[in-house]
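The sequence shown runs contiguously to residue 258 in the UniProt record's numbering.
A virtual CB, placed ideally from N, CA and C, is assigned to each residue, including glycine.
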Amino acid sequence: MARHAGPVVQDADFEELVADGAAAPVQGWAFDWLGGRATEERPPWGYARLVAARMAAVDAALDIDTGGGEVLAEVPDPPRLLAATEAWPPNVPVARTNLRPLGASVVAVTPDAPLPFRDASFELVVSRHPVRTDWPEVARVLRPGGTFLSQQIGPGTVRELSEAILGPLPPPAQRHPEAAVDTARAAGLTVVDLREATLRTVFHDIGAVVWFLRKVVWTVPGFTVAAHRPALARLHERIRAEGPFVAHARRFLIEAVR
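Next up, the structure:
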């Protein structure tokens with residue numbers, strides 16, 4: 001998410017802001033459109049920096065759920081063999097464009113299908129915010145001694161925003177770091193690092209909320225402006241009366257070795 005502060009629009013009415021957020025493109029996995037409209041703290045471990053350092057030390061690597069390839073494209077010293085997978089069709093051409101300078105191949109995949117690679121193909125597998133981690137498949141494509149490094153969404157991330165639109169929700173049942181550790185071990189991997197972070201996330205206008213909910217689809221499953229207009233209007237009035245809306249994103253970093 002963008003790191004800028006302060007809204008770019010203060011006096012636009014609800015309809016204009018909602019239309020703005022509804023019309024902006026959401027392909028790829030960059031959040032530059034939110035510049036000046038929303039901010040999110042960065043995790044302290046510096047995922048992109050960690051990925052770049054590990055990529056420089058291996059010969060073959062894979063990025064799962066690459067999005068538009070934005071993080072991978074920052075790698076200054078890519079390995080000889082570099083592949084990425086993406087399951088959301090609009091992201092695939094974006095990723096191919098972004099990763100062409102690195103010589104990476106981007107493979108369009110079907111969600112929940114096995115990875116389209118041979119056993120023990122990669123020394124390093126990485127994944128930022130995967131929809132779901134298929135731990136047995138990760139273990140299968142890793143070479144002995146290879147590493148899986150992933151920054152993942154934690155339980156109840158931006159829950160405050162979900163509840164502002166949907167009302168009170170039960171405690172989160174998924175995406176707990178402890179469950180990831182157990183599943184990794186069950187797949188034959190050794191977890192060597194686990195870190196967690198809670199990150200302040202601020203929305204300055206309802207247009208930013210609409211765009212975010214269109215892009216980060218698990219926040220409010222099935223979100224549409226038409227279906228959730230009354231809740232959006234209430235949140236708009238709350239922002240106008242009380243100031244920016246604050247939620248908290250949850251992330252964890254997990255590293256495992258085969």
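- Item | Identity of the residue in A38, E15, Q27 and P25 nearest V202 by Cα | The alpha carbon of V202 has as its nearest neighbour, out of A38, E15, Q27 and P25, the alpha carbon of A38.
- Would L17 pass as a contact of G207 if the rule is Cβ separation under 7 angstroms? yes
- Item | Where the beta strand (DSSP E) containing G146 begins and where it ends | L142 to I153
- Message: On the DSSP letters alone, give me the boundaries of the alpha helix (DSSP H) that R49 sits inside.
- Response: R49 -> alpha helix (DSSP H) spans Y47 to M55.
- Start-to-end residues for the alpha helix (DSSP H) that takes in S162: R159 to L166
- Can you check DSSP and say which residues form a bridge with E237? None, per the DSSP bridge assignment.
- Query: Rounded to a whole number of angstroms, what is the C-alpha to C-alpha distance between H248 and V138?
  - Reply: 29 angstroms
- Query: Which of the three DSSP states, helix, strand or coil, is assigned to I206?
  - Reply: helix
- Item | Nearest to G222 (by Cα), restricted to the options L194, S162, A179 and L62 | S162
- Item | Runs of beta strand (DSSP E) lying entirely within the stretch 95-125, each at least 3 residues, in chain order | 105-108
- Item | First through last residue of the beta strand (DSSP E) which encompasses T85 | L81 to E86
- Task: Check whether the Cβ atoms of G69 and A87 sit closer than 7 angstroms, and answer yes or no.
- Result: For G69 and A87, no; Cβs fall outside 7 angstroms.
- Minimum C-alpha distance to L50 - residue among T147, F117 and I165: T147
- Task: Measure from the alpha carbon of G145 to the alpha carbon of each residue in P44, D13, V191 and D63, then state which is nearest.
- Result: Nearest Cα to G145 within the set P44, D13, V191 and D63: V191.
- Query: Quick one: what does DSSP say T183 is sitting in, helix, strand or coil?
  - Reply: Note: T183 maps to helix in three-state DSSP.
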